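Read through the structure below, which is laid out as structure tokens, and then see the notes.
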Amino acid sequence: MRRALALVSLALVLVLTACTGLPTTGYVNPGRGPQADDTQAFAFVPDGPQEDATPSEIVEGFLRAGSGPADDWATAKLFLAAGTQWDPRARVTIDRLADRRATAAADGTSVAVSVVATAGVDADGAYAPAASGTAETLSFTLARVDDQWRITAAPDGVVLYEEVFPTVYQPASIAYFDPTYSFIVPDVRWFPRALVASRVATALVDGQPSAWLAGAVESAFPDELSLVGRSVTLSQSGVAQVQLPRAVLSLDRTRLDRMQTQLARSLATAGISDVQMTVEGTPITATEVPVRVTRVDPSPAVLTSIGQFGSLAGDTVEPIDGLSDAVESLVPSAIELEADRSLAAIRTQQGTVASALADGRTFLLDDRPGLIAPSIDAEGAIWSVPAASPTQLRAITAEGVPRDVGNAWPDAAEITAMQISRDGTRIAAVVTVSGTREVWVAGIERTNGDIELGPPHVLSFSQPGAFDLAWLDDTTIGVLSSVDGVSTLHEFGVGGRGTDSVAPEGTRTLAAGSTSVRVLDDQGRLFSRRGSSWTLVASGIRVLAAQQGTTS
Numbered sequence: 001m002r003r004a005l006a007l008v009s010l011a012l013v014l015v016l017t018a019c020t021g022l023p024t025t026g027y028v029n030p031g032r033g034p035q036a037d038d039t040q041a042f043a044f045v046p047d048g049p050q051e052d053a054t055p056s057e058i059v060e061g062f063l064r065a066g067s068g069p070a071d072d073w074a075t076a077k078l079f080l081a082a083g084t085q086w087d088p089r090a091r092v093t094i095d096r097l098a099d100r101r102a103t104a105a106a107d108g109t110s111v112a113v114s115v116v117a118t119a120g121v122d123a124d125g126a127y128a129p130a131a132s133g134t135a136e137t138l139s140f141t142l143a144r145v146d147d148q149w150r151i152t153a154a155p156d157g158v159v160l161y162e163e164v165f166p167t168v169y170q171p172a173s174i175a176y177f178d179p180t181y182s183f184i185v186p187d188v189r190w191f192p193r194a195l196v197a198s199r200v201a202t203a204l205v206d207g208q209p210s211a212w213l214a215g216a217v218e219s220a221f222p223d224e225l226s227l228v229g230r231s232v233t234l235s236q237s238g239v240a241q242v243q244l245p246r247a248v249l250s251l252d253r254t255r256l257d258r259m260q261t262q263l264a265r266s267l268a269t270a271g272i273s274d275v276q277m278t279v280e281g282t283p284i285t286a287t288e289v290p291v292r293v294t295r296v297d298p299s300p301a302v303l304t305s306i307g308q309f310g311s312l313a314g315d316t317v318e319p320i321d322g323l324s325d326a327v328e329s330l331v332p333s334a335i336e337l338e339a340d341r342s343l344a345a346i347r348t349q350q351g352t353v354a355s356a357l358a359d360g361r362t363f364l365l366d367d368r369p370g371l372i373a374p375s376i377d378a379e380g381a382i383w384s385v386p387a388a389s390p391t392q393l394r395a396i397t398a399e400g401v402p403r404d405v406g407n408a409w410p411d412a413a414e415i416t417a418m419q420i421s422r423d424g425t426r427i428a429a430v431v432t433v434s435g436t437r438e439v440w441v442a443g444i445e446r447t448n449g450d451i452e453l454g455p456p457h458v459l460s461f462s463q464p465g466a467f468d469l470a471w472l473d474d475t476t477i478g479v480l481s482s483v484d485g486v487s488t489l490h491e492f493g494v495g496g497r498g499t500d501s502v503a504p505e506g507t508r509t510l511a512a513g514s515t516s517v518r519v520l521d522d523q524g525r526l527f528s529r530r531g532s533s534w535t536l537v538a539s540g541i542r543v544l545a546a547q548q549g550t551t552s
């Protein structure tokens, strides 16, 4: 009977995860004090331990109870003997239902559970995929307590099936600045839905950026500042309040405004629209600062089959003043535009990398063999690298002055594609490691005029046939692959999960649109995707240009 009940419970979990219309954000409600953000319209309510359950059933029930974070995982703690230490916030192991196995010792005093992790979330909420087939054994010890089996030692953290994880946890972005305080840079984390607002505030005020991003971004919050109460409460007027210590009153207005901007942008991703910083209940005077947008121009930038370059408007190509002639003279095979369209990075049909300026000048920047398509950074430098030498990455000024980029793609044997994010703080690439193509992202660190990449963060450990890449928005990287003639668009969340969809047959170039994704196929046809449908936009296109944003 117990086995039948367990199977019924599992079936209900799987049905619930398949339902549509479940809430994906939580809201702060009044009347809850320090737990004001601790509410959800939907949550798992796992079962506690059953009478006379076997050691394996106790451990399996404990693992299932990891889906219930309410009251600090109170249900899961019912499976523990009194005094047993267990930290559910230490990490999340995400695994597959079919691969989990529990084996109990003959005397029942230990249970080993084998899992094959597909991903994990650390104590700070940072998500990372696992290498394919990453197996792990979780060891539990048990004892009889009042004639019932209870767990006396358990590994810290919770274990959730792939299907359950996104229903229990939700993504939110911790907002940082780029080094010039011009852009907001999102650092995506995953937190329990019932705790998301307080966890976001704590991560921003008391925490640090993700390790791979830390050297590339700035925070206005002083390191010594700490959140008071580690919670978000709601005032009588309906404004979410974040309590800070009195030391914040000594900070200048510019810094306070930047702090307000980070806090408001961060909590907005947790479903909170109005935020105040307070000291002992008194609001701090601060307003959000303006930041640059990272959307791209709504008109695609293209080079036609007859050699005309400019913005595509209906059936015509409108030249870009000063720049179009310079671009056309270089006979490009790949193009990337700076945000203000005063500069283009070009890979020519001869395989060299060059710059085209709005005043009509062009410069040969790199003639090393085997160069991939270049990218433009936030300072207007053009990044270039040979496919066979990923470590030989260079940032070259538009007039041709090169600088080597340190710590470029360590351990990679080949690089197929790369692009810098439109906020200038991150670079993504398709690289080959030990014969396998992977998708990496790294922070761009600048110190005293030197440039180097931070530690690489892997978005995909295996991406067969990947050949092109683009930042689709601030937190999503698109990758094109072709396997057995089938073109696929992979969309990887930077700090989160991904999705795959079929791309038009013969797709060879990917670029972001203002509200869509654009691809160019090998027949010169330009497609745009909205939702799940691809629409033919134009024919007779030779090159689809990438864009580093827009000034409008």
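In our numbering, the protein residues as written are 1 to 552.
Using N, Cα and C, we set each Cβ at its ideal position, and we do this for glycine too.
Nothing here was measured: the structure is a model prediction, and the numbers come from that model.
Per DSSP, cross-strand counterpart(s) of residue i
i	result
E445	E452
G406	E452
F613	Since the first and last residues shown for the chain are 1 and 552, residue 613 lies out of range.
Y127	V121
Q350	DSSP, once it has assigned bridges, lists no residue as partnering Q350.
S501	L489
W534	R529
W86	According to DSSP, which records beta bridges pairwise, W86 is partnered with nothing at all.
I145	With the sequence shown as reference, residue 145 is identified as Val, and Ile is not the correct amino acid for it. The partner list for V145 (beta bridge, DSSP) reads Q148.
R96	According to DSSP, which records beta bridges pairwise, R96 is partnered with nothing at all.
V159	T93
T75	None, per the DSSP bridge assignment.
P332	T348
A512	V517
A153	T141
Where residue i falls, given that 16 or more other Cβ within 10 Å makes a residue buried
i	result
I396	buried
R258	buried
T75	buried
E60	buried
G449	exposed
P69	buried
D107	exposed
A538	buried
A201	buried
Q419	buried
G400	exposed
A135	exposed
L459	buried
I306	exposed
S237	exposed
R611	This structure cannot speak to residue 611, because the chain is shown only from 1 to 552.
P186	buried
R361	exposed
Whole-Å CB distance - residue i paired with residue j, under 8 Å assumed
i	j	result
D156	R91	7 Å
R518	P300	6 Å
V116	G133	6 Å
I335	A344	6 Å
V302	V317	7 Å
D500	T488	6 Å
F44	V168	6 Å
A310	P319	For the record, residue 310 in the displayed sequence is Gly; it is not Ala. Indeed they touch by this definition, with Cβ atoms about 4 Å apart.
S139	A104	Not confirmed; about 12 Å, so no contact.
G549	S528	Between S528 and G549 the Cβ distance is about 18 Å, and since that is not below 8 Å, they are no contact.
T475	V188	6 Å
A130	T141	In fact, because the Cβ distance is near 26 Å, the residues do not count as touching under 8 Å.
A216	T425	4 Å
P386	P402	Not quite, the Cβ-Cβ distance comes to about 13 Å (not below 8 Å), so this is no contact.
V242	T278	7 Å
Chain B contact for residue i (CB, 9 Å cutoff)
i	result
I427	Chain labels in this structure do not include chain B; a single protein chain is all it has.
Check: residue i C-beta below 8 Å from any heavy atom of the ligand GTP
i	result
D359	With respect to the ligand GTP, the structure offers nothing, as it holds no ligand at all.
For this session: Ignoring anything shorter than 3 residues or poking outside the stretch 244 to 316, list the beta strand (DSSP E) runs there in chain order.
Result: 275 to 279, 301 to 304 and 309 to 313
For this session: Indicate whether the contact test is met: 3 or more Cβ pairs, each with one atom in the stretch 266 to 273 and one in the stretch 283 to 293, closer than 8 Å.
Result: no
For this session: Take every Cβ of the stretch 227 to 235, pair it with every Cβ of the stretch 115 to 127, and state whether three or more of those distances are shorter than 8 Å.
Result: no
Problem set entry | Ranges of the beta strand (DSSP E) found wholly within the stretch 419 to 498, counting only runs of at least 3 | 426 to 433, 436 to 447, 450 to 453, 457 to 460, 466 to 473, 476 to 483 and 486 to 493
Exercise. Are three or more beta carbon pairs between the stretch 338 to 354 and the stretch 376 to 395 nearer than 8 Å?
Worked result: yes
Exercise. Is the stretch 459 to 474 in contact with the stretch 498 to 509, if contact means three or more CB pairs nearer than 8 Å?
Worked result: yes
Problem set entry | Start-end ranges of the beta strand (DSSP E) lying completely within the stretch 363 to 393, minimum 3 residues | 382 to 384
Problem set entry | Touch test, the stretch 43 to 60 against the stretch 78 to 88, Cβ-Cβ under 8 Å, three pairs minimum | yes
For this session: Give, in chain order, every unbroken run of the beta strand (DSSP E) that is at least 3 residues long and sits entirely within the stretch 173 to 205.
Result: 184 to 192
For this session: Spell out a yes or no on whether the stretch 408 to 415 and the stretch 429 to 436 are touching, meaning 3 or more CB-CB pairs, one atom from each, closer than 8 Å.
Result: yes
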